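Visitor: Chains A and B, in that order, give the protein sequences. The numbering of the first sequence is the numbering used here, which starts it at 21 and goes up by one. The numbering of the second sequence is the numbering used here, which starts it at 21 and goes up by one.
There are 2 protein chains.
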Amino acid sequence: MSFQEQLAARQAEVEGWLQQAFQPRADIRFNGLLEAMRYSLLAGGKRLRPVLVLEFCRCCGGDVEAALPVACAVEMLHTYSLIHDDLPCMDNDDLRRGKPTNHKVYGECTAVLAGDALQAEAFRTILTSSLPADRRAACAAALAEAAGTDGICGGQFLDMAEEEKNSTDSELTDLQARKTGSLLMAACRMGVLAAGGTPAQERAAAAYGMAVGAAFQIRDDMLDELASEAELGKPIGSDKAQGKTTFMTLYGAEKCAALVKEYTDAAVSAVSGLQNPDFLQTLALSLADRTH
Amino acid sequence: MSFQEQLAARQAEVEGWLQQAFQPRADIRFNGLLEAMRYSLLAGGKRLRPVLVLEFCRCCGGDVEAALPVACAVEMLHTYSLIHDDLPCMDNDDLRRGKPTNHKVYGECTAVLAGDALQAEAFRTILTSSLPADRRAACAAALAEAAGTDGICGGQFLDMAEEEKNSTDSELTDLQARKTGSLLMAACRMGVLAAGGTPAQERAAAAYGMAVGAAFQIRDDMLDELASEAELGKPIGSDKAQGKTTFMTLYGAEKCAALVKEYTDAAVSAVSGLQNPDFLQTLALSLADRTH
Chain A
21 MSFQEQLAAR QAEVEGWLQQ AFQPRADIRF NGLLEAMRYS LLAGGKRLRP VLVLEFCRCC
81 GGDVEAALPV ACAVEMLHTY SLIHDDLPCM DNDDLRRGKP TNHKVYGECT AVLAGDALQA
141 EAFRTILTSS LPADRRAACA AALAEAAGTD GICGGQFLDM AEEEKNSTDS ELTDLQARKT
201 GSLLMAACRM GVLAAGGTPA QERAAAAYGM AVGAAFQIRD DMLDELASEA ELGKPIGSDK
261 AQGKTTFMTL YGAEKCAALV KEYTDAAVSA VSGLQNPDFL QTLALSLADR TH
Chain B
21 MSFQEQLAAR QAEVEGWLQQ AFQPRADIRF NGLLEAMRYS LLAGGKRLRP VLVLEFCRCC
81 GGDVEAALPV ACAVEMLHTY SLIHDDLPCM DNDDLRRGKP TNHKVYGECT AVLAGDALQA
141 EAFRTILTSS LPADRRAACA AALAEAAGTD GICGGQFLDM AEEEKNSTDS ELTDLQARKT
201 GSLLMAACRM GVLAAGGTPA QERAAAAYGM AVGAAFQIRD DMLDELASEA ELGKPIGSDK
261 AQGKTTFMTL YGAEKCAALV KEYTDAAVSA VSGLQNPDFL QTLALSLADR TH
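1. Note the first and the last residue of the continuous alpha helix (DSSP H) segment covering threonine 130(B).
2. Skipping 5 residues on each side, what residues in its chain have a beta carbon closer than 6 angstroms to that of glycine 217(A)?
3. Tell me the residue span of the alpha helix (DSSP H) that contains aspartate 105(A).
4. Below 8 angstroms on the Cβ atoms is my guess for alanine 91(B) versus leucine 74(B); work out the distance and round it to an integer in Å.
5. So with CB distances below 8 angstroms, who are the chain B contacts of leucine 178(A)?
6. Can you name the residues that DSSP bridges to proline 120(B)?
7. Considering only the alpha carbon of each residue, which of Ala215(B), Val132(B) and Thr200(B) lies closest to isoleucine 238(B)?
8. Leaving out five residues on either side along the sequence, give the residues of the same chain with a beta carbon under 8 angstroms from the beta carbon of asparagine 51(B).
9. Beta-carbon of glycine 18(B) versus every beta-carbon of chain A: anything under 7 angstroms?
10. For a contact defined as C-beta to C-beta under 7 angstroms, what are the partners of alanine 225(A) on chain B?
11. Let me know the secondary structure DSSP gives alanine 21(B) once reduced to three states.
12. Would you tell me roughly how many angstroms separate the C-alpha atoms of arginine 78(B) and valine 84(B), rounded to the nearest one?
13. Keeping to the same chain, check which residues put their C-beta closer than 6 angstroms to that of cysteine 176(B); ignore five residues upstream and five downstream.
14. Kindly indicate if chain C contains any beta-carbon less than 7 angstroms away from that of alanine 32(A).
15. Relative to the C-alpha of histidine 27(B), which candidate in Ala158(B), His312(B), Phe299(B) and Leu305(B) has its C-alpha closest?
16. Rounded to whole angstroms, what's the CA-CA distance from valine 34(A) to arginine 117(B)? Just pull it up for me.
17. Which residues in the same chain as glutamate 165(A) place their Cβ atom closer than 8 angstroms to its Cβ, once the five residues preceding and following it in sequence are excluded?
18. Spatial neighbours of aspartate 241(B) within its chain, please: C-beta separation below 6 angstroms, excluding the five flanking residues on both sides.
19. Are the C-beta of glycine 168(A) and some C-beta of chain B separated by less than 7 angstroms?
20. Taking all protein chains shown into account, do 16 or more other C-beta atoms lie within 10 angstroms of the C-beta of glutamine 295(A), making it buried, or fewer, making it exposed?
21. When you compare the CB positions of aspartate 114(A) and aspartate 105(A), do they come within less than 7 angstroms of one another, or not?
22. Please check the pair alanine 161(B) and threonine 148(A), which I expect to be a contact at CB under 8 angstroms, by giving their CB distance rounded to whole angstroms.
23. DSSP three-state call for isoleucine 238(A): helix, strand or coil?
24. Helix, strand or coil for alanine 247(B) per DSSP?
25. Return the CA-CA distance between leucine 307(A) and arginine 58(B), expressed in angstroms with no decimal places.
26. Can you check whether the C-beta of glutamate 55(B) is within less than 7 angstroms of a C-beta belonging to chain A?
27. Would you say cysteine 173(B) faces chain A, with C-beta separation under 7 angstroms as the test?
28. Can you tell me the Cα-Cα spacing of cysteine 109(B) and cysteine 129(A), whole angstroms?
29. Would you mind stating whether alanine 137(B) and cysteine 173(A) have Cβ atoms separated by less than 7 angstroms?
30. Suppose contacts are defined by Cβ-Cβ distances below 7 angstroms. Is alanine 142(A) in contact with methionine 96(A) by that definition?
31. Could you have a look at alanine 215(B) and say whether DSSP puts it in helix, strand or coil?
32. Spell out whether any CB of chain A is found under 7 angstroms from the CB atom of cysteine 129(B).
33. Under 8 angstroms by Cβ, that's how I've got alanine 224(B) and serine 150(B) pegged, so tell me the actual separation to the nearest angstrom.
34. What are the uninterrupted segments assigned as alpha helix (DSSP H) that are 4 or more residues long and contained completely in the segment 45 to 79 of chain A, given in chain order?
35. Measuring straight from C-alpha to C-alpha, what distance separates tryptophan 37(A) and asparagine 122(A)?
36. Tell me whether the beta-carbon of alanine 167(B) lies closer than 7 angstroms to the beta-carbon of valine 232(B).
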């Protein structure tokens, strides 16, 4: 199988599991909530984070099928954070992945609740999976760490505060490491933890996740200025228009491209000691070149 | 020690642990987020849910000190749900426990994030506690179940939808069991799970929690009409003013009082087989009589 075929197969596994888990139910009166959760969860993302969970699990000799709920849980957590980020009181975005944002379709109240419920379901999904209890606890702890005050929430808080001031590069790096990097890193670690991998494997996963996260965010800032709105599926130049500091305003296009390459090389090298790391290495390289 | 002294001692344990865990930190730039979390978390609630965790743990022969993080985690989850319930897009409340609501003080954006972070921290706190991994996983799973689609979020979704229609008694009972009962029941079960208790003890805890939750909510509806604003620390008669169905509009004061007694008796009887259940029994009785 080519890299693209392998990636598509992984994405299909995730898609199928999520479709199954979030079917409408006959026994409840709150299908409206479930529908709002499903709308954003099944809006066709790249499923990058679940793919990382599954591939790190495979590279550590784990049972990939048993890790599938863990992988999908990371996507639930990610989707919740996107729904809340888009809210009028946050980024106030109307468009996400080329579709109206959750609150535009279901209203703010339901969007807040859909995000809240997706966060809880992410933990429930891991904690009721068929993995041994110690692996369930370890995976859920890694997710909680990424989701909490020091991770996504702290990062988003800084991002909102950011609008009123110019940031230094270390401040922006810290913000992005929390807001975006923490969950990517957690996804990689959770793949190792689901497989019952070694501390050395977990360190390799963390290093890969951190590097991919850094490259990802710099590439994002480049695309935000360089790509077309149709390619991105969301308004372009919005950060610049808001006067926000980005890696592009700090470094310019040339240094950004060099940093993306540097972080990507670090990611490739971080996993070189794992079994069959080719997919993860090609994935890192493909993210560095992505156009949307 | 009298019941009141025991209760005060438990509450002080919880208060002390939370104070310690949510201290301002020198190493971060997002103390504003931490401050908003602390504001609502340390606003002086009754700490009913953590007390239930600790007491069920004790009645099952568990290590109460080791269960303290689990108890405090339930309060974090409860506090998050209150912050989000108060948001302008939900109940739009200005006052909670006699103080301005979180978004009134910190703004909507920070209030949403403070709630989001408190949910994540609740799970993180359980999952990184000193309990054995299987007990951590079991406690966190019970919390996730109560917090998710079928629990608090489903209940709050129904509560918001409720405003536009009249509910039957079974609909209102279902709504309240999800919105309020689920977390009270989870708190009781988590005490047993933290102690490594038996399935029979867990069933007793669930029955107690369900009955206390039902009595609690009916009593709440009674107080909402009968108590003064100063006693409750929040606007009175707000449900009635919104035309919402409550247990008072369905049943009237007399039948409500009879139901509170019935559920309270059920709670008292549910735990009669546990070791030294006096505290839990007195607690159920005291909740039935509460005036705020």
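Glycine included, C-beta positions come from ideal geometry on N, C-alpha and C. None of the values given here were measured: they were computed from a predicted structure.
Guide: So, from the data block:
1. Its alpha helix (DSSP H) spans residues 128 to 147.
2. Short of 6 angstroms from the beta carbon of glycine 217(A), and not among the five residues preceding or following it, lie these beta carbons of its own chain, in chain order: Cys80.
3. Secondary structure note for aspartate 105(A): its alpha helix (DSSP H) is the uninterrupted segment 84 to 105.
4. The distance from the Cβ of alanine 91(B) to that of leucine 74(B) is about 5 angstroms, consistent with a contact at the 8 angstroms cut-off.
5. Here the neighbours are Arg49 and Phe50.
6. DSSP output for proline 120(B) lists Leu115(B) as bridge partner(s).
7. Per the Cα distances, Thr200(B).
8. Only Pro44 and Arg45 meet the Cβ criterion.
9. The shown model of chain B, from 21 to 312, leaves out residue 18(B), and the question about it has no answer.
10. By Cβ distance, chain B contributes nothing, its closest Cβ being about 19 angstroms from alanine 225(A), past 7 angstroms.
11. Just to set this straight, residue 21(B) is methionine in the shown sequence, not alanine. DSSP places methionine 21(B) in coil when its eight states are reduced to three.
12. Near 6 angstroms, if we compare the C-alpha coordinates of valine 84(B) and arginine 78(B).
13. Per the sequence shown, the amino acid found at residue 176(B) is glutamine instead of cysteine. Shown here for glutamine 176(B): same chain residues with a beta carbon closer than 6 angstroms to its own, the five before and five after excluded, namely Lys199 in chain order.
14. Going by chain labels, chain C is absent from the structure shown, which instead holds the protein chains A and B.
15. It should be noted that the sequence gives leucine, not histidine, for residue 27(B). Its Cα nearest to that of leucine 27(B), the residue Phe299(B) stands out among Ala158(B), His312(B), Phe299(B) and Leu305(B).
16. C-alpha separation (whole angstroms): 44 angstroms.
17. Gly171, Ser202 and Ala206, listed in sequence order.
18. Answer for aspartate 241(B): Thr266, Phe267 and Met268, listed in chain order.
19. It does; some Cβ of chain B falls within 7 angstroms.
20. Taking all protein chains shown into account, glutamine 295(A) has fewer than 16 neighbouring C-beta atoms within 10 Å of its C-beta and is therefore exposed.
21. In this structure, aspartate 105(A) does not lie closer than 7 angstroms to aspartate 114(A) by Cβ.
22. Under the criterion of beta carbons closer than 8 angstroms, alanine 161(B) and threonine 148(A) qualify as touching, at roughly 6 angstroms.
23. Three-state result, isoleucine 238(A): helix.
24. Assigned with DSSP and collapsed to three states, alanine 247(B) falls in coil, not helix or strand.
25. Cα-Cα distance, rounded: 39 angstroms.
26. With respect to chain A, the C-beta atom of glutamate 55(B) has no partner C-beta closer than 7 angstroms.
27. It does: the Cβ of cysteine 173(B) has a partner Cβ on chain A nearer than 7 angstroms.
28. Computed Cα separation, rounded: 5 angstroms.
29. Contact: yes.
30. In this structure, methionine 96(A) lies closer than 7 angstroms to alanine 142(A) by Cβ.
31. Three-state DSSP puts alanine 215(B) in coil, outside helix and strand.
32. Taking Cβ atoms only, chain A reaches closer than 7 angstroms to cysteine 129(B), which makes this a yes.
33. Rounded, the Cβ-Cβ distance is 26 angstroms, inconsistent with contact.
34. Correct list: 51 to 61 and 68 to 79.
35. Roughly 21 angstroms separates the two Cα atoms.
36. Taking 7 angstroms as the Cβ cut-off, alanine 167(B) and valine 232(B) do not qualify as a contacting pair.
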